[in-house]
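**Q** Quick one: the structure is below, questions incoming.
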Amino acid sequence: MRIPSRVIGGALIATLLTQLTACGTLFYPDRRGQIEGKIDPVVAAMDAIGILFYVLPGLIAFGIDFATGAIYYPGGKSAQIDPAKLKPAINADGQVDRTKLQAILESELGQRLPLNDPRLIQHRGSFEQLASYGLVPAA
5 MRIPSRVIGG
15 ALIATLLTQL
25 TACGTLFYPD
35 RRGQIEGKID
45 PVVAAMDAIG
55 ILFYVLPGLI
65 AFGIDFATGA
75 IYYPGGKSAQ
85 IDPAKLKPAI
95 NADGQVDRTK
105 LQAILESELG
115 QRLPLNDPRL
125 IQHRGSFEQL
135 ASYGLVPAA
C-alpha cells in the first residue's frame, strides 16, 4: 500500500515542479518588457497545460507571461542608413569593400556586424532597386 502513495506523491511533485517552470518568463527572459506582438504558441501551450492540470498555477503563469510580455514572439529589429552614406564602400569596379562597409555600419548603427562570417547570406540587388534610391549604377 505504501508504493502507490509514493508513486502518486512523486507524480504530484513532478507535475507541480513542471508547472512552476512552465512559464515563458523563465524560458525566454530576453522577451520581457514587450507590450504587444504575436503570441508564441509554445509558451501559450505550456501555460494552458497548467490550466489543464491545476487551474490556479496555469492562470498565474498566463498572467505573468502577459504582464511581462514573455508570451509574445520577439520583435524584429531593423535599421536604415542613407544609401548615399554607403557609397564610399563601393569600389570603382562596383564591388563592395567589406572593411569599409563594416566601418560605415559600425559608425552609423553603433554595432559591430560580422560581415566576414561564412554564414552570412548575401542578396544581389538590381538596377531597379538602385534607381528607387536615386542612385546610378557605377559599374
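In this text, residue positions in the sequence shown follow our numbering: the first is 5, and each later residue adds one.
We put the CB at the ideal spot given by N, CA and C, even for glycine.
In angstroms with no decimal places, state the Cα-to-Cα distance between aspartate 101 and isoleucine 64.
**A** 53 Å
**Q** Looking at the structure shown, is isoleucine 39 part of a helix, part of a strand, or coil, going by DSSP?
**A** coil
**Q** Could you tell me the distance, in whole angstroms, from the CA atom of isoleucine 53 to the CA atom of valine 59?
**A** 9 Å
**Q** Quick check: leucine 117 and glutamine 106, are their CB atoms within less than 8 Å of each other?
**A** Against a cut-off of 8 Å, the Cβ pair of glutamine 106 and leucine 117 comes out as a contact.
**Q** Kindly indicate which three-state DSSP category isoleucine 144 falls into: helix, strand or coil?
**A** Since the first residue shown for the chain is 5 and the last is 143, residue 144 is missing from the structure and cannot be characterised.
**Q** Does the stretch 40-57 come within contact of the stretch 69-84, defined as at least 3 CB pairs closer than 8 Å?
**A** yes
**Q** Buried or exposed: phenylalanine 131, going by 16 or more other Cβ atoms within 10 Å of its Cβ?
**A** exposed
**Q** Less than 8 Å between the beta carbons of phenylalanine 31 and aspartate 51, yes or no?
**A** no
**Q** Proline 45 to threonine 29, Cα distance in whole Å?
**A** Straight-line measurement puts the Cα of threonine 29 at about 14 Å from the Cα of proline 45.
**Q** Taking the C-alpha atoms as reference points, what is the distance between serine 9 and leucine 56?
**A** 22 Å
**Q** Write down the C-beta distance between proline 87 and isoleucine 108 rounded to the nearest angstrom, noting that I regard them as a contact closer than 8 Å.
**A** Their Cβ separation, rounded to whole angstroms, is 11 Å, which puts proline 87 and isoleucine 108 out of contact at 8 Å.
**Q** Just tell me which of Asp121, Cys27 and Gly14 has its CA closest to the CA of alanine 48.
**A** Cys27
**Q** Please work out which residues of its chain come closer than 8 Å, Cβ to Cβ, to lysine 62, disregarding the five sequence neighbours upstream and downstream, and give them in chain order.
**A** The amino acid at residue 62 is misidentified as lysine; the sequence shows glycine. Only Gln23, Asp51, Ala52, Ile53, Gly54, Ile55 and Leu56 meet the Cβ criterion.
**Q** Report the rounded CA-to-CA distance for proline 33 versus valine 11, giving the unit in angstroms.
**A** 33 Å
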